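The block underneath contains the structure these notes are about, expressed in structure tokens.
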Amino acid sequence: MAVPSGLRAAPHFPETAMSTVALDLTDVPAKPARKAMTSWEKWGLVLVVPYLLIFVVFVIYPVGYGLWLARHPASYERLFADPIFFRTLINTIVFVVVAVNLKMLLAMGLSGFFLSTRWWVKILSVIFILPWAVPSIPTILSMRFMLNPEWGVVNALIYRLTGLDGPNWLNDPMLALSLSMLAHIWKSLPFWTLILLAGRMAIPAEQYEAASVDGASMWQKFRFITWPSMRSLFLTSTILSMIWTLGDFNSVYLLTGGGPADLTHVLATLGIRYLRLDQVDLSLASIVVALPLVLPLVYFMMKRLSK
Amino acid sequence: MSRSALKLVTTEAKLLLIGIPVFFWTIIPIYHMFLFSISAKDQATSGRLWPKDPTWRNFEFVFQQKHFYLDHFWAQLGNSFIIAISVGVLTLFISTCAAFAISRLKVRGGRTVMNLALFTYFIPAAFLAVPMYKTMGNYGLLNHQLSLVLAMVTIASPYCIWVLKQASDKLPWELDEAARMDGATALQLFRLVYLPLMVPSLVAVGTYALLLAWNEYLYAFLLLSRDTSVTLAVALGNFLAADDSPWELLMATGLIYALPPAAIYYAFKRYMVSGLTAGAVKS
Numbered sequence: 000m001a002v003p004s005g006l007r008a009a010p011h012f013p014e015t016a017m018s019t020v021a022l023d024l025t026d027v028p029a030k031p032a033r034k035a036m037t038s039w040e041k042w043g044l045v046l047v048v049p050y051l052l053i054f055v056v057f058v059i060y061p062v063g064y065g066l067w068l069a070r071h072p073a074s075y076e077r078l079f080a081d082p083i084f085f086r087t088l089i090n091t092i093v094f095v096v097v098a099v100n101l102k103m104l105l106a107m108g109l110s111g112f113f114l115s116t117r118w119w120v121k122i123l124s125v126i127f128i129l130p131w132a133v134p135s136i137p138t139i140l141s142m143r144f145m146l147n148p149e150w151g152v153v154n155a156l157i158y159r160l161t162g163l164d165g166p167n168w169l170n171d172p173m174l175a176l177s178l179s180m181l182a183h184i185w186k187s188l189p190f191w192t193l194i195l196l197a198g199r200m201a202i203p204a205e206q207y208e209a210a211s212v213d214g215a216s217m218w219q220k221f222r223f224i225t226w227p228s229m230r231s232l233f234l235t236s237t238i239l240s241m242i243w244t245l246g247d248f249n250s251v252y253l254l255t256g257g258g259p260a261d262l263t264h265v266l267a268t269l270g271i272r273y274l275r276l277d278q279v280d281l282s283l284a285s286i287v288v289a290l291p292l293v294l295p296l297v298y299f300m301m302k303r304l305s306k
Numbered sequence: 000m001s002r003s004a005l006k007l008v009t010t011e012a013k014l015l016l017i018g019i020p021v022f023f024w025t026i027i028p029i030y031h032m033f034l035f036s037i038s039a040k041d042q043a044t045s046g047r048l049w050p051k052d053p054t055w056r057n058f059e060f061v062f063q064q065k066h067f068y069l070d071h072f073w074a075q076l077g078n079s080f081i082i083a084i085s086v087g088v089l090t091l092f093i094s095t096c097a098a099f100a101i102s103r104l105k106v107r108g109g110r111t112v113m114n115l116a117l118f119t120y121f122i123p124a125a126f127l128a129v130p131m132y133k134t135m136g137n138y139g140l141l142n143h144q145l146s147l148v149l150a151m152v153t154i155a156s157p158y159c160i161w162v163l164k165q166a167s168d169k170l171p172w173e174l175d176e177a178a179r180m181d182g183a184t185a186l187q188l189f190r191l192v193y194l195p196l197m198v199p200s201l202v203a204v205g206t207y208a209l210l211l212a213w214n215e216y217l218y219a220f221l222l223l224s225r226d227t228s229v230t231l232a233v234a235l236g237n238f239l240a241a242d243d244s245p246w247e248l249l250m251a252t253g254l255i256y257a258l259p260p261a262a263i264y265y266a267f268k269r270y271m272v273s274g275l276t277a278g279a280v281k282s
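Chains X and F, in that order, are what the protein sequence lines are.
In terms of numbering that gives the first Met the number 0, the first sequence opens at residue 0 and continues consecutively.
In terms of numbering that gives the first Met the number 0, the second sequence opens at residue 0 and continues consecutively.
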């Protein structure tokens, strides 16, 4: 596989550069190879067709149909007149701002912790992945039951330790939403810690050694070595995490069901609420209204990844 | 000497100060699930950290379908398996073909296809759920398991195509040139050169799609509703319908449901970590 490095440039240039390289080669044995080229192109088309079909039938059509169903201004008037909608908007913003920042800061810190090569940290890192590896339905339902005011283990412990009745956790909108955020963080923290850990491991150890020799403090090492090389990864991770958090249906729906009194909905669950109330136009309108929140983030990610 | 030993002890203590809370934070909801699944009905809510008489009775109940909520346990478990495997296989097929065409055959417009796929990947699936539900209604696929399979393939394949494209862009280009010179057809290149070299990424991507489908709740409960055709995920959600649900049975079922994906995850961790974490965020 050791071939002159000049040839390697080819894959980096899209179509144009590629075809010139290929043409240079095919000019030597003239006709049969030229025919092969076109058959390769044909195969290229044939092989993308399955995905394109899926894309047209299950992305383009639903999106178009959804937008078409959401075309009436009256739907938006009714949506904006619904107090639940505004509550949901605020909940969503609080959820994203608080949960994402808390999660990413924790992940940043913990990624440093998991750099340690101690045996028990290695074992802990395997356990730590569990929330991510296990499906969220049973674990979130487990949390829901832990928080049950009458038979839940949390209030049982509070009673045993203090003799007082614990709060009715999921019956208070503020508490319930906060607990949904905790459930969300519990589930996704391992993933982001792993990502940031990979970022930290890519930093050459000599930089830290040199800094130690110069007597740098922990904070200085972080500030001047870790952060500069992690900044870009951290930003990308945060944006992607914001998108995923906006779309997190399970953490809210399975823990609170949007309750009490529909006060803990987020945009990801609101559409389903309207669908259950048989108000499809409101459901789709609420998704259209969410797009200005999502699309700038998506645009940012697309820019990052197609670089 | 003693000073460095002291320093060692304090760093160890600092690490433990982080490690112990992290351990409990991670394990409590899972331990709680396990605790319930081995507790008798009247013991389950006692608040003890270990049941007085641990029992496998709950699992017997689940396996023998001895409760109203569990009437179709085996059928639902089977549904989850069939749907997850179908999604894994179909996604693998579609995304491997697409990635090969875009990355190696440099099909015209490949870049556009990649960007469209990426765009789909970044739009949260929860926002596409209601349009998808309406669409499946129009296609007459509602309540057919095929609808869930196709929906999950739609959601899973963009990311898979992207990961596979990233991986296959790294394969040496000389292989393709050599194959072309030898007069190989595109399919021969695909089968004899490309697929064998891509095995680690294919494992990662197939596992990803499989787990995504197995874990899916929202689409499953929207698209399927008959008790005999839903997945185990939906069946678990149905326990929420009533306040007096048998929680110990729910937790036992939940544990059974959680085991296969956890096992698969740990078995393929090597592939998942290199294939997916590297792909998930490119710095």
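Backbone N, C-alpha and C fix where the C-beta goes; we use that ideal spot for every residue, glycine too.
On a predicted model such as this, the values are computed, not experimentally measured, just so you know.
Chain-ordered neighbours of residue i on chain X, where CB pairs are closer than 8 Å
i                   : result
isoleucine 26/F     : Ile126 and Leu129
tryptophan 213/F    : Pro134
phenylalanine 99/F  : Leu46
phenylalanine 335/F : This structure cannot settle anything about residue 335/F, because the visible part of chain F is limited to 0 through 282.
Alpha helix (DSSP H) segment containing residue i, residue limits
i                   : result
glycine 18/F        : 1 to 36
proline 189/X       : 172 to 200
isoleucine 122/F    : Taken as a continuous stretch (DSSP letters only), isoleucine 122/F belongs to no alpha helix (DSSP H), as it is neither H nor E.
phenylalanine 113/X : It is not in any alpha helix (DSSP H) - phenylalanine 113/X carries neither H nor E in the DSSP assignment.
lysine 220/X        : 217 to 220
glutamate 149/X     : From DSSP, glutamate 149/X is part of no alpha helix (DSSP H); its letter is neither H nor E.
glutamate 215/F     : Premise fails: glutamate 215/F is in no alpha helix (DSSP H) and is neither H nor E.
tyrosine 75/X       : 72 to 80
isoleucine 154/F    : 144 to 168
serine 228/X        : 226 to 245
glycine 65/X        : 60 to 68
leucine 174/F       : 172 to 180
glutamine 64/F      : Glutamine 64/F -> no alpha helix (DSSP H), and no H or E assigned at all.
CB contact flag (residue i, residue j, <9 Å)
i               : j                   : result
leucine 44/X    : alanine 100/F       : yes
proline 172/X   : alanine 260/X       : yes
alanine 178/F   : glutamine 165/F     : no
histidine 71/F  : threonine 227/F     : yes
leucine 266/X   : threonine 138/X     : no
leucine 69/F    : tryptophan 49/F     : no
serine 110/X    : threonine 244/X     : no
alanine 155/F   : serine 224/F        : no
alanine 155/X   : tyrosine 264/F      : no
threonine 153/F : threonine 119/F     : yes
proline 28/F    : proline 130/X       : yes
leucine 274/X   : valine 129/F        : yes
glycine 312/X   : phenylalanine 220/F : This structure gives no information on residue 312/X, because the portion of chain X shown stretches from 0 to 306.
leucine 101/X   : methionine 180/X    : yes
tryptophan 42/X : alanine 185/F       : yes
valine 202/F    : tyrosine 256/F      : no
valine 120/X    : leucine 14/F        : yes
leucine 254/X   : methionine 142/X    : yes
asparagine 57/F : serine 79/F         : no
leucine 283/X   : leucine 66/X        : yes
leucine 52/X    : methionine 107/X    : no
aspartate 280/X : serine 74/X         : yes
Assumed close pair residue i, residue j - CB separation to whole angstroms, cut-off 8 Å
i                  : j                : result
alanine 98/X       : histidine 183/X  : 5 Å
phenylalanine 57/X : leucine 149/F    : 6 Å
isoleucine 136/X   : tyrosine 30/F    : The pair is not a contact, with the Cβ atoms about 17 Å apart (cut-off 8 Å).
proline 61/X       : methionine 151/F : Actually they are not in contact, since the Cβ atoms of proline 61/X and methionine 151/F sit about 14 Å apart, beyond 8 Å.
leucine 200/F      : valine 162/F     : Correcting the residue identity first, residue 200/F is serine in this sequence and not leucine. At roughly 6 Å, the Cβ-Cβ gap stays under 8 Å, so serine 200/F and valine 162/F are in contact.
valine 192/F       : leucine 174/F    : 5 Å
leucine 89/F       : leucine 222/F    : So it is not a contact: roughly 16 Å between Cβ atoms.
cysteine 159/F     : valine 204/F     : 4 Å
Residue i beta carbon near the ligand HEM (any heavy atom closer than 8 Å)
i                   : result
phenylalanine 190/X : As far as ligands go, the structure on display features none, and thus does not contain the ligand HEM.
Under 9 Å by beta carbon: chain F residues contacting residue i
i                : result
leucine 178/X    : Under the 9 Å cutoff, chain F gives no residues; its nearest Cβ is about 12 Å from leucine 178/X.
threonine 161/X  : Neighbours of threonine 161/X on chain F: none; closest Cβ ~14 Å, over 9 Å.
tryptophan 243/X : Pro123
Proximal chain F residues relative to residue i, where beta-carbon distance stays under 8 Å
i             : result
tyrosine 64/X : Pro130, Lys133, Thr134 and Asn137
serine 141/X  : Pro28, Ile29, His31, Met32, Phe35, Met250 and Gly253
Proximal chain X residues relative to residue i, where beta-carbon distance stays under 7 Å
i                : result
leucine 149/F    : Phe57
methionine 197/F : Going along chain X, no residue has its Cβ under 7 Å from methionine 197/F, so there is no contact; the nearest lies around 14 Å.
threonine 153/F  : Ile53, Phe57 and Val58
Cross-chain neighbours of residue i in chain X, by beta carbon under 9 Å
i             : result
proline 17/F  : Checking the sequence shown, residue 17/F turns out to be isoleucine, not proline. Per Cβ cutoff of 9 Å: Gly108, Leu109 and Phe112.
alanine 203/F : Within chain X, no residue comes near alanine 203/F; the closest Cβ sits about 14 Å away, beyond 9 Å.
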